[in-house]
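**Student:** Let me give you the structure first, and then I'll get to my questions.
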Amino acid sequence: MDWYRGGLSSRRLAVLIRHLPRDSAVNLADHGEAAQWGAAEHLLAAAVDHLAAANWMTAALHRDEDDEPPEYPEPVPRPGQRPEEPERPEPEEQGPEEGELGDTPGTEPERAPASGPSARELARFFG
């Protein structure tokens with residue numbers, strides 16, 4: 001009301017609005033859920049995701065051959081992100097075809113890993 005009556009300048013009103021707290025109603029209406037998270041929260045969520053992926057890799061490496069592979073950890077939900085199913089390719093049931101892995105006659109062929117992280121998961125982990 002003070003701005004409308006002339007008791008508050010437009011510049012002062014803009015400064016007051018610009019410096020409202022991150023969780024204010026104006027910022028929530030303007031930015032949605034993303035206004036609730038700052039850089040520190042995003043960095044902490046990224047650290048948690050990376051640690052969970054590292055623990056998953058360690059568990060996958062040190063499991064018995066007969067055990068089921070551990071489930072890939074779910075990322076920490078970010079504000080404004082809808083939960084979706086991670087895109088994981090189904091492991092192939094059959095082995096590689098002859099010559100597929102570059103084996104030459106008279107040498108032991110290399111074996112592909114049975115089940116591991118996808119290229120997207122590795123890029124997300126190291127990116």
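Note that UniProt numbering numbers the sequence shown so that position 32 is 32, with each residue one more than the last. Where a beta carbon is used, it is the ideal one built from N, C-alpha and C, also for glycine. It should be emphasised that the depicted structure is a prediction, and the values quoted were computed from it without experimental measurement.
#1: Between the stretch 35-44 and the stretch 71-79, are three or more C-beta pairs nearer than 8 Å?
#2: Can you tell me which of the three DSSP states Tyr4 falls into?
#3: With DSSP as the reference, label Glu36 as helix, strand or coil.
#4: Starting from the Cα of Arg82, find the closest Cα among Asp23, Leu16, Glu33 and give me that residue.
#5: From what residue to what residue does the alpha helix (DSSP H) around Val15 run?
#6: Measuring only the C-alpha atoms, how far is His31 from Pro69?
#7: Label Ala47 either buried or exposed according to how many other C-beta atoms from any shown protein chain fall within 10 Å of its C-beta, with 16 as the threshold for buried.
#8: Output the distance between the C-alpha atoms of Leu44 and Asp67, rounded to the nearest integer angstrom.
#9: Could you tell me the distance, in whole angstroms, from the CA atom of Ser10 to the CA atom of His42?
**Tutor:** A quick look at the data gives this:
#1: yes
#2: helix
#3: Per the sequence presented here, residue 36 reads as Gln, with Glu not at that position. Helix, per DSSP.
#4: Glu33
#5: 10-18
#6: 40 Å
#7: exposed
#8: 32 Å
#9: 34 Å
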